[in-house]
Amino acid sequence: MEQHAGIEEMFPEEVFDRAFYLADNPDVKAAGVDPWVHFTTYGHREGRIWSAAARPVAPALRAWAARLPGDARTPVLDLLRLVPAEHRSSLLSDAGAWQTLHQMVHPTIYRMQELVAAGALEPGDPDPEADPGSETIDAGAAVLAAGRDESVDDVLADFLVDGVHRGLRPSALFHPEWYTEAALRELGSGPDGHPLFHWLAVGYPARVSPTPLFDEDFYRRTHGDMANVKGWAFDHFVNHGCYETFRVPSTVLNQRLGHGRHSRPHRIPIVADMILAEERLEDIARTSALEERAMLAQRLRSRLDDPVMRELVERAYEIEPMIRRPYTARRVSLAPVLSHASDLFERAEALRRSLPVSRVDNVVVVPHVRMAGSARVAGAFVRTLHDLDTTGRTLVLTTDLNEFQRPDWFPEDVLLVDIAEVARELPEEARVRLLLDVVRGLQPRRVMNINSGLGWVLYTTFGRQLSAIMDLHAYLFTWELDKHGNKGGYPVRAIQECLSSLTSVIVDSKPLHDELTWRYGHSSRLADVFRLVYTPAEYLEHIDHSQVLASRRQEGRVLRAFWAGRFDRQKRFDVVVDVATMLPDLEIWVWGRRVLGGSDIDFADLPPNIKLQGTYQQFDDLPVESCDFFLYTAEWDGVPTILIDAAARGVTTVASAVGGVADLVTEETGYPVTDALDPAAYVAAIEEMVASPVEAARRSGLLRKHARSLCSRETFARAMSVALRLEGEPTALTQETPR
Numbered sequence: 000m001e002q003h004a005g006i007e008e009m010f011p012e013e014v015f016d017r018a019f020y021l022a023d024n025p026d027v028k029a030a031g032v033d034p035w036v037h038f039t040t041y042g043h044r045e046g047r048i049w050s051a052a053a054r055p056v057a058p059a060l061r062a063w064a065a066r067l068p069g070d071a072r073t074p075v076l077d078l079l080r081l082v083p084a085e086h087r088s089s090l091l092s093d094a095g096a097w098q099t100l101h102q103m104v105h106p107t108i109y110r111m112q113e114l115v116a117a118g119a120l121e122p123g124d125p126d127p128e129a130d131p132g133s134e135t136i137d138a139g140a141a142v143l144a145a146g147r148d149e150s151v152d153d154v155l156a157d158f159l160v161d162g163v164h165r166g167l168r169p170s171a172l173f174h175p176e177w178y179t180e181a182a183l184r185e186l187g188s189g190p191d192g193h194p195l196f197h198w199l200a201v202g203y204p205a206r207v208s209p210t211p212l213f214d215e216d217f218y219r220r221t222h223g224d225m226a227n228v229k230g231w232a233f234d235h236f237v238n239h240g241c242y243e244t245f246r247v248p249s250t251v252l253n254q255r256l257g258h259g260r261h262s263r264p265h266r267i268p269i270v271a272d273m274i275l276a277e278e279r280l281e282d283i284a285r286t287s288a289l290e291e292r293a294m295l296a297q298r299l300r301s302r303l304d305d306p307v308m309r310e311l312v313e314r315a316y317e318i319e320p321m322i323r324r325p326y327t328a329r330r331v332s333l334a335p336v337l338s339h340a341s342d343l344f345e346r347a348e349a350l351r352r353s354l355p356v357s358r359v360d361n362v363v364v365v366p367h368v369r370m371a372g373s374a375r376v377a378g379a380f381v382r383t384l385h386d387l388d389t390t391g392r393t394l395v396l397t398t399d400l401n402e403f404q405r406p407d408w409f410p411e412d413v414l415l416v417d418i419a420e421v422a423r424e425l426p427e428e429a430r431v432r433l434l435l436d437v438v439r440g441l442q443p444r445r446v447m448n449i450n451s452g453l454g455w456v457l458y459t460t461f462g463r464q465l466s467a468i469m470d471l472h473a474y475l476f477t478w479e480l481d482k483h484g485n486k487g488g489y490p491v492r493a494i495q496e497c498l499s500s501l502t503s504v505i506v507d508s509k510p511l512h513d514e515l516t517w518r519y520g521h522s523s524r525l526a527d528v529f530r531l532v533y534t535p536a537e538y539l540e541h542i543d544h545s546q547v548l549a550s551r552r553q554e555g556r557v558l559r560a561f562w563a564g565r566f567d568r569q570k571r572f573d574v575v576v577d578v579a580t581m582l583p584d585l586e587i588w589v590w591g592r593r594v595l596g597g598s599d600i601d602f603a604d605l606p607p608n609i610k611l612q613g614t615y616q617q618f619d620d621l622p623v624e625s626c627d628f629f630l631y632t633a634e635w636d637g638v639p640t641i642l643i644d645a646a647a648r649g650v651t652t653v654a655s656a657v658g659g660v661a662d663l664v665t666e667e668t669g670y671p672v673t674d675a676l677d678p679a680a681y682v683a684a685i686e687e688m689v690a691s692p693v694e695a696a697r698r699s700g701l702l703r704k705h706a707r708s709l710c711s712r713e714t715f716a717r718a719m720s721v722a723l724r725l726e727g728e729p730t731a732l733t734q735e736t737p738r
């Protein structure tokens, strides 16, 4: 009776599922016994489970019950004693926690602790049977009792019966000391009983990592496929990631868990092998050398969160934005077991054979040629180079995507070579060597990189060597803003690593030019590297839309704007949605598509006054005469080509005054919005514009004149001729004169 009272007192009846118990135990149902009475009298002794939530541990509870004699057979009661009383109800009904406990059991780790505790393994003794070069051989397999391939349920039962009372741990992914510190730090209190069951009851729901070998934020940032994984990333790591050789679980364990892209057998996690491979295992029940190193690194890194250090970083950021980078740790790669050298050689040979010429004068490196401003600038650059260097041959290399959607932007006789397809699936190191092989083989006088990420890696890795034999040039459009509001992108991350190797850096906006010159132009020679060159406008001379808004207002037509661009974070289409909501009488025609991601707009639930029109090929395809004004809402930018197109045609413009946009749209030439993220600011600008159509026409006429002067083809050609040094031999930046 005392035992019965104990289970009734300790087990919260509200989590007991009567219907489930009868369905799971047909013998009880057939006997007509009350399920709760049966459970508290017999069922808990037999290891029967109380609800579907406990299914993951049901086999272990039955095995636990089978190992206990007579009156001592109380596995559920013993389990309850391990769980903090105030959390029993929540844990007993938490299927995720029990599933995680089952998944976290690693037989090799547990058996090794037993062997060390029994003195059956001398500390530091290596496994004489293991092949140190093999990924798939468990370092502890040779010392497992009789070499058994044990089930998780048996090991979990052993742990619950015995190991839990001896201070053993069932998993390579649970570190008692680390979790205790983390609970105190993140939850305000630590475990007063067994740390593992405190974690299951309290830490698991609160998403407190129980191991120093895993970092949630780092894991998600590092693995793009995690964007589609909901819930806690640690669950993914426990169930999948710790068996996948391509995973990197944290900044302190900053190497891939193996080679290739495949999975290990379950119950043999790679981190367990790494722990068992350590020289000394005598304290493995508590910790390991690998985990100690990880904890030390985490504690040292935590000093960066000190308020004084944060203030110093903020002050340094004003001078050097890279102080906040990289967000992830720099990694040191292990020497590869498999080499890509043979594959790289074969691909390089195939690429060489595909080249239409053996030597060129100019190489232009671009990521792709699709509907993008940088690709259009590349086309304008190549056409201008074609006109300036009439005897030279120019070759365009696409490095990221095998796309050449806009041949009309380039001269008809342009030479095009695609590296993206040849280099597909190669790691970055191999791809950049492939690009290096092509560039050196073609022996050009000059190379221009226009927005190619691989091109920037080429410059930062081999720029000094290449600059000795050819001129290196680069095009910069704008820095990026990350989700924290910090500057990044090529003007911050790449330029400083290769600036001294570059002959010129073409910049398309005055704000970016001034910022780069201030930040990096520490000598007159370095300052002269940065060249402000506005992208040339493409237009027919007679086109003039400066009177459209005034005419439409006089005719009483519906007020209509057009917006065109990418549905990506930079372009802030969410602001357009807010403007449409605030001005229901304003109709907004929208052209665009998602390219880079980062927008959470629900396109099935847009305001009714937003009319999606699909995509467009060129500006003059847009029915500008049917719209009163152009609305532009980017959060950051250079001088976007669509704005140049609109301005050169005299289109009335309301635009965010960010970056190079202000080079065109001012209070004299349009309606700039200084608070780019405030929909009300756009509404105010639109209302000001509509209130005086004559003034809007005046500003639009000035915008047309200003854009055609600032972005003329002649000015572009003269600036490029100087920047590219079309006369004379290449000379690297080797000597600098202090300013």
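Going by numbering that gives the first Met the number 0, the first residue of the sequence shown is number 0, and it counts up by one from there. Ideal placement from N, C-alpha and C gives every residue a C-beta, glycine not left out.
The beta carbons of L511 and P535 sit about 18 Å from each other, so the pair does not count as a contact at 8 Å.
Every alpha helix (DSSP H) of 4 residues or more that sits fully in the region 500-571 is shown, in chain order, as 509-519, 523-528, 547-554. Per DSSP, the continuous beta strand (DSSP E) segment holding S655 begins and ends at 652-655. Apart from the 5 residues on each side of it in sequence, Q112 sits with its Cβ closer than 8 Å to the Cβ of G162, L167, R168, I283, A284 in its chain, given in chain order.
For the pair W49 and M9, the Cα-to-Cα distance works out to about 13 Å. P320 and N485 do touch by the CB rule: their CB atoms are close to 7 Å apart, below 8 Å. Sequence-distant partners of T383 (beyond 5 residues in either direction) whose C-beta falls short of 7 Å from its own C-beta, in its chain, are F715, A716, M719. In this structure, R17 is the residue among G700, H43, D23, R17 with its C-alpha nearest to the C-alpha of D33. E348 sits in a helix when the DSSP states are folded into three classes.
Contact between G440 and R351 holds: their C-beta atoms lie close to 6 Å from each other, under 8 Å. The Cβ-Cβ distance between L91 and V14 falls below 8 Å. In terms of Cβ geometry, R698 and D627 do not form a close pair [threshold 8 Å]. The Cβ neighbour count for L275, taken over all protein chains shown within 10 Å, is at least 16; the residue is labelled buried.
DSSP links W590 through a beta bridge to A563. For P268, no alpha helix (DSSP H) encloses it, and the DSSP letter there is neither H nor E. For D23, the enclosing alpha helix (DSSP H) begins and ends at 17-23. Fewer than three beta-carbon pairs drawn from the region 566-576 and the region 546-554 are found closer than 8 Å, and the two stretches are therefore not classed as touching. Counting only runs of at least 3 residues, the region 24-82 fully encloses no beta strand (DSSP E) element at all. Taking D412 as reference, the option from F403, L394, E427 with the minimal CA-CA separation is L394. Unbroken alpha helix (DSSP H) stretches of 4 residues or longer found wholly inside the region 667-723: 678-690, 692-709, 712-722, given in chain order. Counted as a single uninterrupted DSSP element, the stretch harbouring F245 is not any beta strand (DSSP E), since DSSP gives it neither H nor E. Where T179 is concerned, the enclosing alpha helix (DSSP H) starts and stops at 175-186.
Between R724 and D399, the CB-CB gap reaches or exceeds 8 Å. Counting the other CB atoms within 10 Å of its CB gives H483 a total below 16, which places it among the exposed residues. In the DSSP annotation of this structure, the continuous segment of the beta strand (DSSP E) that includes Y474 starts and ends at 470-475. Buried is the label assigned to H544, since at least 16 other Cβ atoms lie within 10 Å of its Cβ. Bounds of any alpha helix (DSSP H) do not take in D412, whose DSSP letter is neither H nor E. Judged by DSSP secondary structure, V237 falls within the alpha helix (DSSP H) whose first and last residues are 232-238. For the set G564, A683, A647, the Cα lying nearest the Cα of A633 is the one of G564.
Cβ-Cβ distances below 8 Å link V416 to L350, S353, L354, P355, L394, V395, L396, T397, V437 in the same chain, with the five nearest sequence neighbours on each side left out; the list follows chain order. Under the 8 Å Cβ criterion, the region 645-655 counts as touching the region 688-703, having at least three qualifying pairs.
Under the DSSP definition of a beta bridge, N361 partners with T393, R445. Within the same chain, Cβ atoms closer than 7 Å to the Cβ of N608 are found at A579, P583, L585, E586, I587, the five residues on either side in sequence being excluded. Our two residues, E540 and A706, have alpha carbons roughly 13 Å apart in a direct line. Around the beta carbon of H105, a 10 Å sphere encloses 16 or more other beta carbons of the protein chains shown; the residue is thus reported as buried. In the DSSP assignment, Y631 falls outside any alpha helix (DSSP H) and lies within the beta strand (DSSP E) extending over 628-631.
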